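Encoded as structure tokens, the structure appears first; notes follow it.
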Amino acid sequence: MRKIERLECKVKNYKWGKQGEDSEVALLYAAGNRNAKIDNIPYAELWIGTHPDGPAKISAKNMALSEYMVEEGSKTNRHLPYIMKIMSISHNLSLQVHPTKEQAKLLNKKDPVNYPDPNHKPELAYALTQFELLCGFRPADEIIFNMKGTN
């Protein structure tokens, strides 16, 4: 019978992350890594997946998650088609635009240095703590004003 394995996930220390123990990412990272020490640096993202820039490992086996997937019988997939990220944000983030799957393949083929990933980046946000998000290109007050006028 298969069991649930503890993962050691990768942390990304971008400067917009929350500092040290104020970061949910740092706390989750430490909970999953027995030898982790939380420093007073920004902890921005915890990557859970098989992406080569931040692959998770199976803790008990000290084995990459992608290798474990093969060992456990995944004949076709050794990589997950997504990265699950837990983010701890201290500062405003820049506007992000991601290509479609087709665009990503073309960009990667044409310019792999600047587009190293041939995959698209579908995103879903689920807030674990208080979070403000402005989606669109209008100020929040204008969005609220427009919404009130749609009765």
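In terms of this note's numbering, the sequence shown opens at residue 90 and continues consecutively. Quick reminder that beta carbons are idealized off the backbone N, C-alpha and C, glycines included. Since we're looking at a predicted model, the values are computed, not measured.
Own chain, CB closer than 7 Å to residue i, minus 5 neighbours either side, in chain order
i, result
"lysine 88", "Shown here, the chain extends from 90 to 240; a query on residue 88 therefore has no answer."
"leucine 182", "Trp105"
"histidine 168", "Thr139 and Ser155"
"isoleucine 147", "Glu94, Leu96, Leu154 and Tyr157"
Residues near residue i in its chain [Cβ-Cβ closer than 8 Å; skip 5 each side]
i, result
"alanine 125", "Tyr118 and Ala119"
"glycine 109", "Ala115, Ile127, Asp128, Asn129, Ile130 and Tyr132"
"methionine 236", "none"
Residue-level contact to chain D via CB, residue i, 8 Å cutoff
i, result
"leucine 222", "Reference to chain D is not applicable here, since this structure consists of a single protein chain."
CB of residue i within 8 Å of CB of residue j, strictly
i, j, result
"proline 144", "leucine 135", "no"
"alanine 133", "tyrosine 103", "yes"
"glutamate 113", "leucine 213", "no"
"isoleucine 137", "methionine 176", "no"
"glutamate 221", "alanine 149", "no"
"lysine 107", "serine 179", "yes"
Cβ shell of residue i (< 6 Å), same chain only, five flanking positions each side left out
i, result
"glutamine 219", "none"
"asparagine 197", "Tyr204 and Pro207"
Best match in the options for proximity to residue i [C-alpha to C-alpha]
i, options, result
"asparagine 208", "Thr189, Val202 and Ala115", "Thr189"
"leucine 96", "Gly121, Asp230 and Asp142", "Gly121"
"glycine 162", "Gln185, Met236, Gly238 and Arg91", "Arg91"
Counterpart residues of residue i in DSSP-defined beta bridges
i, result
"glutamate 97", "Lys146"
"methionine 152", "Ile147"
"glycine 40", "Since the first and last residues shown for the chain are 90 and 240, residue 40 lies out of range."
**Within the region 165-202, ranges of the beta strand (DSSP E) (whole runs, at least 3 residues)** = Complete beta strand (DSSP E) runs here, min 3: 173-176.
Whole runs of the beta strand (DSSP E) within the region 109-145, excluding any shorter than 3 residues
Runs found: 134-137.
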